[in-house]
Each structure stands twice: as structure tokens, then as C-alpha cells.
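When the letters of the sequence shown are read in order and numbered with the numbering used here, they come out as residues 806 to 968.
Glycine is no exception: its CB is placed at the ideal position from the N, C-alpha and C atoms.
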Amino acid sequence: MNNTTTPLALEVLQQFRVIYGSMRQYFRELEESCGLPGSQTWVLQEVEHTPEIGITDLAGRLGIHQSTCSILVEKLVAKGYLVKQKMTKDQRRIGLRLSASGEELIARLPGPAEGVLPEALSSIPLVSLKTLHINLDELIQHMPGKNEIFAATPLAEMVRDQE
806 MNNTTTPLAL EVLQQFRVIY GSMRQYFREL EESCGLPGSQ TWVLQEVEHT PEIGITDLAG
866 RLGIHQSTCS ILVEKLVAKG YLVKQKMTKD QRRIGLRLSA SGEELIARLP GPAEGVLPEA
926 LSSIPLVSLK TLHINLDELI QHMPGKNEIF AATPLAEMVR DQE
């Protein structure tokens, strides 16, 4: 085990700090402008893009567990931003749509509801994204105490102030 941190390792650590701090700052600004956490605004944005989407499909789009998605949806329904209704094509299924107040909230978003990191990842060249994936996987394999459950937790929830 090597306890000596190299200058390059420190520079990479600083890069992670920039990423984490930038995400945290963005989600703080998003919440201040809309009054909702980023994870909830992302749900609203996805429903806006795909009216009548079901919980299972929504969870898949967000990359989160279905039960987590259901909790987020229930909070938004209770606040009056989302409406559950029978789907037009299949009356047996329930879909989601924005309420008028949900549409107003979406219009106030200062940027992407999913945050700046997913937007940045989708804008880099595919070869760079593949290389990053391989290298991050290698890093994760070397992390003691890694917990894969975090893969299904929205970033906005991870970077929120725990008050």
C-alpha cells in the first residue's frame, strides 16, 4: 500500500473537487430559483418531454430505482406539479403529465434540470466518454468501501446540504 500521494494524484483529486463543487453550486442555484431540489425538477422536465410517461419508463430515463422514482413522483403530485391520469392509448395504465403550476416551474429553470454533469457528459466525444468510463471503473475498483447503491441515487440528492 502506497501512502505517498503523487502530484498527479493530487491534481486529479482537485479535478474531482471542481466537478463536485460545481454540481453542488448548480443544484443550490436551481433550488433557490425554483424552490425544488434538482431531482424533482428533473422528473418534471422528463414528464414535459414525454407526457403520459409511466413510473417505470421515467425511472429508466433518470437512471434511478423505480421505488425512488415513485417517491419523487408522489412528492410532486402532493405539491400540485404533477397529475396522474389514465393513458390515452391504454386506459388501464396510469401516466403522468405536468399541471399548470408544473409547467410554470419548468419555465423558470435556469438550465438543465438533470444538472451540469449529465449535460457535460453528453457533449464530450464518444471516444472520450468511453475512455472516461474505463478509467472511472478502474478507480472505483480500487476504492475501499465502495457502495454500488449510489449508482441509482440522483446526483442532486447526493450534493444537497444535509441540514
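Beta-carbon spacing of residue i, residue j below 8 Å
| i | j | result |
| --- | --- | --- |
| Leu835 | Pro915 | yes |
| Ala865 | Ala918 | Ala is not the amino acid found at residue 865; the sequence shown has Gly there. Contact: no. |
| Met828 | Leu937 | no |
| Thr861 | Ala957 | no |
| Leu863 | Glu879 | no |
Buried versus exposed, by CB contacts within 10 Å (16 or more), residue i
| i | result |
| --- | --- |
| Thr846 | buried |
| Ala814 | exposed |
| Gly920 | buried |
| Phe832 | buried |
Opening and closing residue of the alpha helix (DSSP H) in which residue i lies
| i | result |
| --- | --- |
| Leu926 | Val921 to Ser928 |
| Val852 | Gly843 to His854 |
| Gly826 | Pro812 to Cys839 |
| Arg866 | Ile860 to Leu867 |
| Leu914 | First-last for Leu914: undefined, no H or E at that position. |
From the options, residue whose alpha carbon lies closest to that of residue i
| i | options | result |
| --- | --- | --- |
| Leu881 | Ser872, Leu903 and Gly826 | Leu903 |
| Gly840 | Leu931, Ile929, Pro930 and Glu909 | Glu909 |
Distance, residue j Cα to residue i Cα
| i | j | result |
| --- | --- | --- |
| Ser933 | Gly950 | 27 Å |
| Leu849 | Leu901 | 9 Å |
| Met948 | Gln871 | 27 Å |
| Gly885 | Gly907 | 7 Å |
| Glu924 | Ile858 | 22 Å |
| Leu877 | Arg913 | 19 Å |
| Met963 | Lys894 | 37 Å |
| Glu853 | Leu944 | 36 Å |
| Met892 | Ala883 | 20 Å |
| Glu816 | Thr810 | 10 Å |
First and last residue of the uninterrupted beta strand (DSSP E) at residue i
| i | result |
| --- | --- |
| Leu887 | Leu887 to Lys891 |
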